[in-house]
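J.: Under full-length UniProt numbering, the first residue of the sequence shown carries the number 1, and numbering increases by one thereafter.
From the three backbone atoms N, C-alpha and C, an ideal C-beta is built for every residue, glycine too.
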Amino acid sequence: MGKVIAVANQKGGVGKTTTCVNLAASLAATKRRVLLIDLDPQGNATMGSGIDKYEVENTAYELLVEEKAFADVVCRDTNGKYDLIAGNGDVTAAEIKLMEFFAREIRLRNALAPIKDDYDFIFIDCPPSLNMLTVNAMSAADSVLVPMQCEYYALEGLTALMDTISKLGAMVNPGLHIEGILRTMYDPRNRLSNDVSDQLKQHFGEKVYRTVIPRNVRLAEAPSFGAPAMYYDKSSAGAKAYLALAGEIIRRAEQLTQAEQV
Ligand code: ADP
Ligand code: MG
Numbered sequence: 001m002g003k004v005i006a007v008a009n010q011k012g013g014v015g016k017t018t019t020c021v022n023l024a025a026s027l028a029a030t031k032r033r034v035l036l037i038d039l040d041p042q043g044n045a046t047m048g049s050g051i052d053k054y055e056v057e058n059t060a061y062e063l064l065v066e067e068k069a070f071a072d073v074v075c076r077d078t079n080g081k082y083d084l085i086a087g088n089g090d091v092t093a094a095e096i097k098l099m100e101f102f103a104r105e106i107r108l109r110n111a112l113a114p115i116k117d118d119y120d121f122i123f124i125d126c127p128p129s130l131n132m133l134t135v136n137a138m139s140a141a142d143s144v145l146v147p148m149q150c151e152y153y154a155l156e157g158l159t160a161l162m163d164t165i166s167k168l169g170a171m172v173n174p175g176l177h178i179e180g181i182l183r184t185m186y187d188p189r190n191r192l193s194n195d196v197s198d199q200l201k202q203h204f205g206e207k208v209y210r211t212v213i214p215r216n217v218r219l220a221e222a223p224s225f226g227a228p229a230m231y232y233d234k235s236s237a238g239a240k241a242y243l244a245l246a247g248e249i250i251r252r253a254e255q256l257t258q259a260e261q262v
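Below, the structure is given as structure tokens:
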């Protein structure tokens, strides 16, 4: 059954988009069927997948506002490994237009319902704010993956995000839960990072992924080549870390399925 994961953090620049693109590519490399939805008007996940956001004909706007058929809106990343619903400036218009609709919080959920099971994983790259697009992502999702940097104010921000997720869940999606918390741009030589990381594990226990994404220049360079890091430099520490994360996510999903069967 398709698993829908919203990648969210109200803070910008924490690695949401990098996580979406590299995780999509890594899971696709393990033969999983993956869809990535770019709900950020900046269109970084689109560009990072090698699709020109200025040229692309259909985006999340057509899916959410115009109710175009999913099959007519979806495209494929340049390496032909995963499906993509593109995002660009039009998605800002979608956010405004959505306000006019009845049941505006569940437009994305409704659009995905018919195709959800065609995929193993669906990732939604959220904008760095709590707007109607993020609400749509949270109501369509089974769970939320939270990338975060281990910095001084990170835990405070995280508590606020958890609060938002549980309130939103109560309103539009009671089953919504935290998929996992991912430490990004990690520098093990930094004492503060290690302290914050320890506190994170104390607070959130098993929800914190064992895999840590290191600060790695290849991850930052890859988008300018329009490709996930594994196609740009597969031996880089960044590419390897996202492959390891894909493995961890698959193992967790399998353990859950086994637990449901007993
Ligand atoms: P968000 O989507 O949360 O705004 P991004 O994924 O766009 O964050 O990352 C912000 C910036 O940091 C981008 O320039 C990206 O290339 C860079 N970046 C992300 N993760 C890493 C990493 N692990 N190492 C080095 N640079 C990174
Ligand atoms: Mg982003």
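Anything with a beta carbon under 5 Å from a heavy atom of the ligand ADP counts; list them all in chain order.
T.: With the cut-off at 5 Å, the residues found are G12, G13, V14, G15, K16, T17, T18, M185, I213, R215, N216, L219 and A220.
J.: Report all residues from its chain with a CB closer than 7 Å to the CB of N216; omit the five preceding and five following residues, and keep chain order.
T.: In the sequence shown, counting from the first residue as 1, residue 216 sits at position 216. So the list reads S236, A237 and G238, once near-sequence residues are dropped.
J.: With contact counted as at least three CB pairs below 8 Å, one residue from each stretch, are the stretch 166-178 and the stretch 133-146 in contact?
T.: Verdict: yes, contact present.
J.: Which same chain residues, not among the five before or five after H177, have their C-beta less than 7 Å away from its C-beta?
T.: In the sequence shown, residue 177 corresponds to position 177, counting from 1. Correct list, in chain order: S143.
J.: Alpha carbon to alpha carbon, how far is E67 from Q202?
T.: Residue mapping note: residue 67 aligns to position 67 of the sequence shown, counting from 1. Residue mapping note: residue 202 aligns to position 202 of the sequence shown, counting from 1. Rounded to the nearest angstrom, the two C-alpha atoms are 44 Å apart.
J.: Got a sec: does the ligand MG put a non-hydrogen atom nearer than 6 Å to the Cβ of N44?
T.: Position 44 of the sequence shown holds residue 44. Because some heavy atom of the ligand MG lies under 6 Å away, the Cβ of N44 counts as near it: yes.
J.: On the DSSP letters alone, give me the boundaries of the alpha helix (DSSP H) that V73 sits inside.
T.: Taking the first residue of the sequence shown as 1, we reach residue 73 at position 73. Counting along the chain, the alpha helix (DSSP H) containing V73 begins and ends at F70 to V73.
J.: Taking a contact to mean a Cβ-Cβ separation below 7 Å, would you say C126 touches A8 in this structure?
T.: Numbered from 1 along the sequence shown, position 126 holds the residue referred to as residue 126. Numbered from 1 along the sequence shown, position 8 holds the residue referred to as residue 8. Against a cut-off of 7 Å, the Cβ pair of A8 and C126 comes out as a contact.
J.: How about Q10 and L130: are their beta carbons less than 7 Å apart?
T.: Against the sequence shown, residue 10 aligns to sequence position 10. Against the sequence shown, residue 130 aligns to sequence position 130. Their beta carbons are under 7 Å apart, which means Q10 touches L130 by this criterion.
J.: For the beta strand (DSSP E) containing A6, list its first residue and its last residue.
T.: The residue labelled residue 6 in the question sits at position 6 within the sequence shown. Start and end: K3 to V7.
J.: Relative to the C-alpha of F70, which candidate in A103, G169 and D118 has its C-alpha closest?
T.: To locate residue 70, count along the sequence shown from 1; it is residue 70. For the residues A103, G169 and D118, the minimum Cα distance to F70 belongs to D118.
J.: Name the residue from L161, A253, R252 and T18 whose alpha carbon lies nearest to the alpha carbon of P228.
T.: Walking along the sequence shown from the start, residue 228 turns up at place 228. Of L161, A253, R252 and T18, the residue nearest in Cα terms is T18.
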